[in-house]
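In this note's numbering, the protein residues as written are 81 to 468. Yeah, the Cβ is synthetic: ideal placement off N, Cα and C, and Gly gets one too. These notes are about the structure you will find just below.
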């Protein structure tokens, strides 16, 4: 007997764009063009533009016949102003789609059968992460945090979460007005804001988030020692395992940049032991060993990394590590430990991904293949099976 379908699931849900802007005239139209075909309504809060952002927004939606509303509000902080946008957008559509003014949708997300209270969307292609950006319009939502804010539901204690599937990603371009200053100035300014907020914060979840993004801000400002100190504080605070793992891994990367090999190795191993479902730490450790010509150790770590399947984690996944960087580095260590046939096979694996692989990696993989083939031929072992 055929099971009856949920009629609500068959009805296309309406979407309202929920956005805050300030001086975004240089990028806003590209963003709106990328999502206009999915929108039924829009609510945008302008927080003090002195350019023609507001006029561009109004003219764009008038041209495309999409109704909506624009509001002017004084800037306070990201959490406060995004919450205001939520309040204005409440019940304007089935779902509220939060977008940054410089984000661009690439591809086609699948918005059919939306039923959960919130949905995360995929960001990036090689550096991949998921962000909750779609929220049920009938519920009340608020953003927590002065910077790197996150949304909570204030009308219900328990909410259902989901993920938007489809062949798409969102490109977070970092081209908004906030990014039109020297990056060091921007990130040190962020760190200052977060340190002030941390001094007065009693919520443990927000405290952990501030610790994490303080580390991120100092890292992006090039203040590596300070970044390490904040990453270590974040690790000590515990909580979300993916964020603790990432903090440990980043500390390892920064120690390597500082030339502290022992601490880099220590943190890479700690990251792997903490979350053995992530291959990035073993990859970085193996690559570091390759650079130091410690090829047997490199081969051990990289071989172990190659056996870890692509992670199901949501936070900051280095997809290129899984796709081609592990086999690339492993081909190098394989050559130097005498596994020439393995080196050739791994190099060919990288070469076969020509459309995904950066040109410098592709060309080096070709050279590595040729080195391996030459060794096999000179040893009278013949040429490995056909391949690129």
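Proximity below 8 Å, CB of residue i to CB of residue j
i           : j           : result
residue 274 : residue 293 : yes
residue 282 : residue 333 : no
residue 142 : residue 96  : no
residue 317 : residue 287 : yes
residue 408 : residue 445 : yes
residue 177 : residue 98  : yes
residue 404 : residue 437 : yes
residue 384 : residue 410 : no
residue 315 : residue 327 : yes
residue 398 : residue 360 : yes
residue 100 : residue 162 : yes
residue 138 : residue 146 : no
Beta-carbon proximity list for residue i, same chain, < 8 Å, skipping 5 on both sides
i           : result
residue 394 : 200, 209, 210 and 322
residue 136 : 105, 108 and 109
residue 336 : 344, 364 and 368
residue 197 : 215, 216, 219, 233, 236, 239, 240 and 241
Own chain partners of residue i with C-beta closer than 6 Å, once the 5 adjacent residues on each side are dropped
i           : result
residue 375 : 413, 416 and 417
residue 297 : 267, 270 and 271
residue 94  : 120, 173 and 174
residue 64  : Outside the displayed span of the chain (81 to 468) sits residue 64, for which this structure offers no information.
residue 129 : 102 and 103
residue 155 : 127 and 128
residue 455 : 420
Identified DSSP bridge partners for residue i
i           : result
residue 200 : 212 and 243
residue 207 : 398
residue 221 : 233
residue 149 : 123
residue 97  : 122 and 177
residue 250 : 185 and 203
Presumed contact (8 Å Cβ cut-off) between residue i and residue j, rounded CB distance
i           : j           : result
residue 153 : residue 125 : 5 Å
residue 73  : residue 184 : The question about residue 73 has no answer, for the chain in this structure spans 81 to 468.
residue 331 : residue 303 : About 14 Å separates the two Cβ atoms, so there is no contact after all.
residue 382 : residue 366 : 4 Å
residue 251 : residue 186 : 6 Å
residue 246 : residue 189 : 4 Å
residue 295 : residue 307 : 5 Å
Contacts around residue i, its chain only, beta-carbon distance under 7 Å, and the 5 residues preceding and following it disregarded
i           : result
residue 256 : In this predicted model, residue 256 has a pLDDT of only 47, less than 50, meaning its place in the structure is not dependable enough to derive any value.
residue 452 : 415, 420, 423, 424 and 427
residue 164 : 125 and 153
residue 171 : 217 and 218
residue 26  : The structure shown does not extend to residue 26, since the chain is modelled only from 81 through 468, so no value can be given for it.
residue 325 : 351, 354, 355 and 358
residue 400 : 206
Within-8 Å CB hit, residue i to chain C
i           : result
residue 160 : Chain labels in this structure do not include chain C; a single protein chain is all it has.
Residue i: CB within 7 Å of a non-hydrogen atom of the ligand HEM
i           : result
residue 178 : Looking at this structure, you won't find the ligand HEM or any other ligand, since it has none at all.
**OP:** Report the residue ranges of all alpha helix (DSSP H) runs contained in full by the stretch 156 to 193; include only those spanning at least 4 residues, in chain order.
**Re:** 158 to 169
Subject >> Whole alpha helix (DSSP H) elements within the stretch 401 to 432, 4-residue minimum >> reply: 406 to 416 and 420 to 431
**OP:** Identify every run of the alpha helix (DSSP H) within the stretch 316 to 354, keeping only runs that are complete inside it and at least 4 residues long; order them along the chain.
**Re:** 321 to 337 and 341 to 354
**OP:** Tell me the start and end of each unbroken alpha helix (DSSP H) in the stretch 262 to 297 that is at least 4 residues and wholly inside, in chain order.
**Re:** 263 to 279
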